[in-house]
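Here's the structure, in structure tokens; my notes come after.
Protein chains: 2
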Amino acid sequence: MKNPGNPLVLDRTVYYNMRMLGEHDTRQRIVSSARDLIYSRSYAGVGVAEICDRADVKKGSFYHFFPSKQELSLAVIDDLRVTMEDRVLIPAFARDLPPIERLERFVKTLYEFQKNTAAEAGRILGCPFGNLALELATSDETIRRKLEAVFASIEARFEHVLSEAQTAGDIGEVDVQATAKAMLAYIEGMLLMAKTANDPNLIMRLGPAFAQIRIPR
Amino acid sequence: MKNPGNPLVLDRTVYYNMRMLGEHDTRQRIVSSARDLIYSRSYAGVGVAEICDRADVKKGSFYHFFPSKQELSLAVIDDLRVTMEDRVLIPAFARDLPPIERLERFVKTLYEFQKNTAAEAGRILGCPFGNLALELATSDETIRRKLEAVFASIEARFEHVLSEAQTAGDIGEVDVQATAKAMLAYIEGMLLMAKTANDPNLIMRLGPAFAQIRIPR
DNA sequence: CTTAATCTTGACCGACCGGTCGCCTATTGC
DNA sequence: GCAATAGGCGACCGGTCGGTCAAGATTAAG
Numbered sequence: 053m054k055n056p057g058n059p060l061v062l063d064r065t066v067y068y069n070m071r072m073l074g075e076h077d078t079r080q081r082i083v084s085s086a087r088d089l090i091y092s093r094s095y096a097g098v099g100v101a102e103i104c105d106r107a108d109v110k111k112g113s114f115y116h117f118f119p120s121k122q123e124l125s126l127a128v129i130d131d132l133r134v135t136m137e138d139r140v141l142i143p144a145f146a147r148d149l150p151p152i153e154r155l156e157r158f159v160k161t162l163y164e165f166q167k168n169t170a171a172e173a174g175r176i177l178g179c180p181f182g183n184l185a186l187e188l189a190t191s192d193e194t195i196r197r198k199l200e201a202v203f204a205s206i207e208a209r210f211e212h213v214l215s216e217a218q219t220a221g222d223i224g225e226v227d228v229q230a231t232a233k234a235m236l237a238y239i240e241g242m243l244l245m246a247k248t249a250n251d252p253n254l255i256m257r258l259g260p261a262f263a264q265i266r267i268p269r
Numbered sequence: 053m054k055n056p057g058n059p060l061v062l063d064r065t066v067y068y069n070m071r072m073l074g075e076h077d078t079r080q081r082i083v084s085s086a087r088d089l090i091y092s093r094s095y096a097g098v099g100v101a102e103i104c105d106r107a108d109v110k111k112g113s114f115y116h117f118f119p120s121k122q123e124l125s126l127a128v129i130d131d132l133r134v135t136m137e138d139r140v141l142i143p144a145f146a147r148d149l150p151p152i153e154r155l156e157r158f159v160k161t162l163y164e165f166q167k168n169t170a171a172e173a174g175r176i177l178g179c180p181f182g183n184l185a186l187e188l189a190t191s192d193e194t195i196r197r198k199l200e201a202v203f204a205s206i207e208a209r210f211e212h213v214l215s216e217a218q219t220a221g222d223i224g225e226v227d228v229q230a231t232a233k234a235m236l237a238y239i240e241g242m243l244l245m246a247k248t249a250n251d252p253n254l255i256m257r258l259g260p261a262f263a264q265i266r267i268p269r
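Note that the protein sequences, when read in sequence, are chains A and B. One point on numbering: in my numbering, the residue at position 203 of the first sequence is 255, and numbering is uninterrupted. One point on numbering: in my numbering, the residue at position 2 of the second sequence is 54, and numbering is uninterrupted.
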């Protein structure tokens with residue numbers, strides 16, 4: 053610091069924040085790099101060396117922050133979860149619309165997100181959780197459970213909005229939990245098909261059936 | 053041959069078949085081994101060496117039959133396609149039931165298949181095509197296109213049965229192609245969720261919504 | 001200024017990756 | 001019987017995999 057004079061509280065705070073940022077900067081660069089690479093390819097398809105190169109970090113530093121590639125991937129999943137919350141779930145489920153219309157808006161925000169990431173990556177990448185789930189569910193129990201939890205938290209949002217719709221009398225008697233699960237399944241399937249066809253428009257084409265899904269009680 | 057006497061046509065045929073079988077036996081052992089391993093883990097998660105070990109074939113022989121691991125995987129997809137046809141699609145879509153009921157039976161045969169393979173493998177393995185699609189769609193264009201074709205052929209079956217239902221007046225006016233696509237998406241999503249939760253029963257729980265899916269024209 | 005903890009670095013590890021090669025044998029067509 | 005071919009074999013290749021380590025630089029705290 054060029055001015056080491058008597059530090060005010062504000063200065064301390066700012067400095068502290070910068071330090072925190074600095075401390076976690078390398079770590080975050082690693083996570084971001086891994087997130088981008090793994091999301092656009094696959095878990096096994098990306099090596100630690102490549103992740104480090106992209107983050108401009110040496111491999112030795114990598115293993116200072118993460119004990120293993122697996123631990124890193126858990127951090128990546130957390131990061132992706134935040135991204136999805138911020139860019140898709142929170143905007144879609146804002147309470148400025150009636151419940152069912154929120155579900156329809158969810159399809160739109162999902163489409164926008166996929167279209168945008170497709171523009172950046174050159175290909176549609178689908179659901180990062182679904183991608184990892186199918187690749188690793190049978191071979192990494194820790195990751196499998198983490199992804200199960202991510203899915204459960206998304207289902208919870210669907211459940212909540214379905215309950216609201218039911219209370220408002222917008223829909224008949226349905227098994228709310230099962231319907232929420234079915235809706236997430238449909239979303240995952242749509243994204244799988246869209247990724248396979250490399251066509252984000254599939255989301256808009258298949259979207260109309262989403263909010264209609266019902267599992268009777 | 054112990055009896056090289058004047059060969060009859062029948063003998064020739066039998067011998068030829070045996071020879072053919074022998075010739076393709078090693079190859080088929082490789083394909084079967086790779087199919088089982090890749091289906092129960094992933095493409096990148098299985099090495100050529102392990103495939104050869106399980107097939108009791110030396111690596112040198114492997115590369116006599118397949119120029120690359122990628123070429124092998126194309127053969128594996130073909131093999132899986134036949135298996136799925138025989139064990140799921142053909143039984144489900146037999147014409148002894150009205151169209152819509154065939155769709156409902158499809159869910160059941162799919163459940164049985166998944167339950168059986170889960171019993172063998174110790175875990176539910178989901179859809180082999182979906183698994184490969186999410187892992188490789190962004191990094192291997194050849195495999196991506198092949199899987200796209202597999203999906204198209206399954207969609208075609210759904211389309212056909214939907215058309216029949218429409219002709220019979222069982223369902224209203226729908227976009228048959230889009231609805232078929234949506235149905236496959238839902239199936240893929242169900243299997244993804246079931247694999248992630250490692251619970252085949254999810255198929256029966258979410259199944260009831262399958263035949264109800266409609267994309268309006 | 002000193003100490004201790006945090007961070008960074010680059011060389012290094014054995015294991016495994018997909019793939020190659022030359023050699024040997026068994027079977028084929030002539 | 002002979003030549004040609006297909007199949008089988010095992011050692012071997014360079015490269016990459018995830019991961020380790022010891023020593024140096026940087027920083028915060030007393």
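We put the beta carbon where it would ideally sit given N, CA and C, even for glycine.
Around the Cβ of B:Q122, a 10 Å sphere holds fewer than 16 other Cβ atoms; the residue is exposed.
In this chain, the alpha helix (DSSP H) harbouring B:L188 covers P180 to L188. According to the DSSP assignment, A:F114 belongs to the alpha helix (DSSP H) that extends over K111 to F117. Identification of chain A residues near B:L258 by a Cβ-Cβ cut-off of 8 Å yields A230, K233, A234, A237 and I267, ordered along the chain. Between A:A101 and A:K111, the gap from beta carbon to beta carbon is short of 8 Å.
Shortest Cα-Cα distance from A:E172 to any of A:I265, A:Y91 and A:T78 involves A:Y91. For A:N168, the enclosing alpha helix (DSSP H) starts and ends at P151 to A173. Spatial neighbours of B:A144 in its own chain (CB-CB distance under 7 Å, excluding positions within 5 residues in sequence) are listed in chain order as R154, R157, F158 and T161. Within the segment 199-222 of chain A, those residues whose Cβ lies closer than 8 Å to any Cβ of chain B are, in chain order, L199, E200 and F203. Per DSSP, reduced to three states, the secondary structure at B:V100 is helical. By the neighbour-count definition (other C-beta atoms within 10 Å, threshold 16), A:D88 is a buried residue. Residues of chain B whose Cβ lies closer than 8 Å to the Cβ of A:N183 are, in chain order, L186 and E187. In the three-state reduction of the DSSP assignment, B:P260 falls in the helix class. The segment 241-261 of chain B and the segment 222-238 of chain A touch, with three or more beta-carbon pairs separated by less than 8 Å. Here the C-alpha atom of A:I129 lies approximately 27 Å from the C-alpha atom of A:V228.
Residue contact with chain A for B:T194: absent (no Cβ-Cβ distance below 8 Å to any residue of chain A).
Residues of the segment 76-106 of chain B whose Cβ lies closer than 7 Å to any Cβ of chain A, in chain order: S92, R93, S94, A96 and G97. Within 7 Å of the CB of B:T248, the CB atoms of chain A belong to A185, A189, R196, L199, E200 and F203, in sequence order along the chain. With respect to the 8 Å criterion, B:A246 and B:E187 are not classified as neighbours on the basis of their beta carbons.
Here B:S85 is buried, its C-beta having at least 16 other C-beta atoms within 10 Å.
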